[in-house]
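Worksheet: one structure, shown below.
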Amino acid sequence: MTTTIRQYTSALLLAAAIVPFTGRAAEAEEFLLGATVHFTQDKGILDVNLKLARDCNLNAIREDLPWKLAERRRGIVTAPSLFRRIADTARANGLPVLGILAYNNHFYDGGSYPRSAEAVAAYARYAGQVAAGLRGRGVPFYQVWNEWDGGCGMNPAKRGRGDAESYINLLKAAYPALKQADPDATVVSGSVCTGDEYFEKLLQLGIADHCDILSIHTYNFQQRGEAATPEAWQRRMLKLDEMIRKYNNGDSKPVFVTEMGYPSFTGPHGRTAGECAVYLARLMLLARTVPNLRGLWWYDLQDDGWDITEREHNFGLFNADGTPKPAAAVMRDLAPLVRKGEFLGRLDTGDPSVWILRFRHDGRETQAMWSTGGRRSGLVWEKGPGSTGTFKMRRPGQPPQPLAWGRRDWVADRKAKFDPARREITIDEMPLLMTGDFTDVRLAGTVERPAPPAGRSDYRLPPDIAVAVPKGEKAAAVSLPKRGNYFKFADPGYQGDKDLDAAFEFHYDRDHLYLTVRTVDDHFRLAPSAERGWGSDGIQTGFHFDREGGSPLERVELDFALTGHGPEACWRTPFAGRRPGIATDVKVTVREEKREGTARWHTYRLTIPASSLGAGELRPGRSFLFSILVNDNDGAGRKGFLHWGGGLGSRPYDPSFYNLVVLK
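Mapped onto mature numbering (1 follows the signal peptide of the UniProt record, and there is no 0), the consecutive letters of the sequence shown carry residue numbers -25 to -1, 1 to 639.
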């Protein structure tokens, strides 16, 4: 993922020129289009939900087969009746299962990631015996762990970030065990969720040699602007294929995207249900333009709750009670084309914001058309004397209608003549599908049409942008938004402003960045050290400065806390060439402004050398990416954190999810 605002340019090609399809030809087998379900977490209704998936024209599901459910007594592994019931019901609905073999078991390595020889052998035994128990029951795919790099499903005390070397050891043990148990099984690598840097590390360690299909999670909803779009996702997928070839002797390798989605919620980075449906439509179509992508699982089939401010409750195609959201109708209508259609190429209009993708499906050609960036465009089609076919148009989720030929641009000229051989079609951000015989039919040109106004005349700074002012000037404090911005680890969760509140502001001079953070915490706890402040009420920050020769994934993480021996800061991820540990180069002070019982009001002030951030000289007009979180421990362990920006404290650990700070 890129972390900077880019300016895109494209050479103008001849109108209607076909962009060559440079990837491998379409495979004979169907593209897998699935969704994640959570029956082993006691969510949903098995029979009802799988019928919903079938009615959406999906041809796969993905479900956890947790280790702790299969091995309840040390050394005794079975495929529980729940696993068998899920597999049998899915098979009856024509839905092959991708089974996730994952998560900790308290019998081994203290419930942490299986790293010891004993734990790795136990995991391989579990994987093999589950596969043997489900052989022939409609579970053709097994995934060796889920988000090893992100801590998903792990006990919060053991979460951390699994290292790449240990994962490769686990995969090497699990692969032969699975193949011995079910020779027909397809082994899928564990999904990477924290970014392409970790994926590249696994490739360097030879992951492609120990699985049949690679896997990655590709969420980009937390990105800003164009980087959050399906088109940006497609560019990333094509670059990942290049990366795979680099470390796989020039050969590609099949990939599954086992989680991708856009949540419809009211917090930062949230979208309306309608906007999510638009992005789903485009992403489904673009998925077929990635040559080595063999399957895509939407996250997820059904919402996990009803809280519209909670991101994790709102990824579903359906509401928690099974009523459809707009995305469900889009999935239902597009799935047959995406699953069975052959991608023929992109029709280039010379305008990079206009997308026209060509597919062959059911003996006919379908062209999917849309525009990006909030624009509307008129596409002028022209048929020649050799065209005898008829066409139908439709938008996903809406009924089709026949295309009537003929164009008269009476808006521009009331005396304009009728042209029976032309037809103008207006496209916008939701794809429009045109199906028929395109023999002797060409795109004659495009016309830009006015788009609906934004509906707002006043200028407001977006909530994901802050401003740093020169030292000595008054800065505007940025409050950490509460609605939807509390990441919960344990109940009772966030109880409002009186539970935890925070704000920050930035100043700068040429050589230093000055960060001030003010917090209110109803149960403040001293940290044992800054390094372990995440388990108390410490504060974590992340920085990314663009620099010549720097990586877009490069980040600097600085933690600070009030400890029993005073304020302390530490570099968790220091700038290149430096060691993690106490940040002796950072001046940090903490002042207690007020106390009431267990509640404390604190002001933290940090002076951070620009050189320690890899920033170079700080000057007006520059910008950097920043993320901050304030941890919350009310006495029973870490229960969550309040945050501004992503990429810290929870997956994905990636600076492309940070927010923007501009130097005034």
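Backbone N, C-alpha and C define an ideal beta-carbon position, used for all residues, glycine too.
Sub-9 Å separation of D275 and A295 beta-carbons:
no
Spatial distance of T161 from T241 (CA atoms)
39 Å
Extract the residue ranges of the beta strand (DSSP E) inside the region 440 to 509, only unbroken runs of 3 or more that lie entirely within it.
440 to 445, 461 to 463, 475 to 483, 487 to 496
Distance between beta carbons of V119 and F231, contact taken as under 8 Å:
Incorrect: roughly 12 Å between the Cβ atoms, too far for contact.
Taking only three categories from DSSP, how would you classify T11?
strand
C-alpha distance - K154 paired with A544, whole-angstrom precision:
So the two alpha carbons sit approximately 49 Å from each other.
Do the CB positions of L551 and G589 come within less than 9 Å of each other?
Per the sequence shown, the amino acid found at residue 551 is Ala instead of Leu. Cβ distance < 9 Å, so A551 and G589 count as in contact.
Following the continuous beta strand (DSSP E) through D534, name the residue where it begins and the one where it ends.
Run containing D534: 531 to 538, per the beta strand (DSSP E) assignment.
With DSSP as the reference, label H519 as helix, strand or coil.
strand
Thinking just about the alpha-carbon of each residue, which of R112, P41, G108, G249 is nearest to the one in A67?
R112
Can you have a look at P425 and say buried or exposed, based on whether 16 or more other CB atoms are within 10 angstroms of its CB?
exposed
Best match in D171, K147, P41, N289 for proximity to P627 [C-alpha to C-alpha]
D171
Which same chain residues end up closer than 6 Å to I400 when comparing Cβ atoms and leaving out the 5 residues on each side of it in sequence?
Answer for I400: L354, listed in chain order.
Beta-carbon gap between P238 and R286 smaller than 9 Å
yes
Three-state secondary structure (DSSP) at Y117?
strand
How would you label H482, buried or exposed, when you count the other beta carbons within 10 angstroms and need 16 or more for buried?
buried
Within 10 angstroms of the Cβ of I20, are there 16 or more other Cβ atoms? Answer buried if so, exposed if not.
Per the 10 Å Cβ criterion, exposed.
Using CA coordinates, which residue listed in D22, E4, G539 is at the minimum distance from V12?
Closest in alpha carbon position to V12, among D22, E4, G539, is D22.
Just to confirm the assignment, what range does the beta strand (DSSP E) spanning C545 have?
541 to 548
Where T53 and G125 are concerned, what is the direct C-alpha to C-alpha distance, given to the nearest angstrom?
If I take the Cα positions, the gap works out to 27 Å.
Output the boundary residues of the alpha helix (DSSP H) element that contains W281.
Unbroken run through W281: none, as it is neither H nor E.
Can you give me the start and stop residues for the alpha helix (DSSP H) that residue 643 sits inside?
Residue 643 is absent from the structure shown; the chain starts at -25 and stops at 639.
Assuming R292 and A310 make a contact with CB atoms under 8 Å, what is their CB distance in whole Å?
Before going further, note that residue 292 is Leu rather than Arg in the sequence given. Contact doesn't hold; Cβ gap of about 11 Å is too wide.
Counting beta carbon pairs with one atom in the region 314 to 332 and one in the region 372 to 390, are three or more of them shorter than 8 Å?
no
Suppose the cutoff is 8 Å on Cβ atoms and the five residues either side in sequence are ignored; what does the same chain contact list for W42 look like?
L76, A77, Y78, N79, N80, Y98, Y101
By how many angstroms is the C-alpha of E448 removed from the C-alpha of D484?
11 Å
For S346, the first and last residue of its enclosing beta strand (DSSP E):
S346 -> beta strand (DSSP E) spans 339 to 346.
Exposure label - W281; buried when at least 16 CB within 10 Å
exposed
Proximity below 9 Å, CB of N634 to CB of S511
no
Cβ distance (whole Å) where L177 is taken to contact L260 below 8 Å
About 29 Å separates the two Cβ atoms, so there is no contact after all.
Does at least one heavy atom of the ligand MN sit under 8 Å from the Cβ of I219?
Although the ligand MN was asked about, the structure shown includes no ligands whatsoever.
Where L25 sits in the DSSP three-state scheme:
helix
Which of helix, strand or coil DSSP assigns to R597:
Here DSSP, grouped into helix, strand and coil, assigns R597 to coil.
The beta strand (DSSP E) spanning I36 covers which residue range?
Bounds of the beta strand (DSSP E) holding I36 are 35 to 39.
Could you tell me which residues DSSP pairs with W272 in its beta bridges?
G9
Name the DSSP bridge partner or partners of P584?
Looking at the DSSP assignment, P584 forms a beta bridge with H487.
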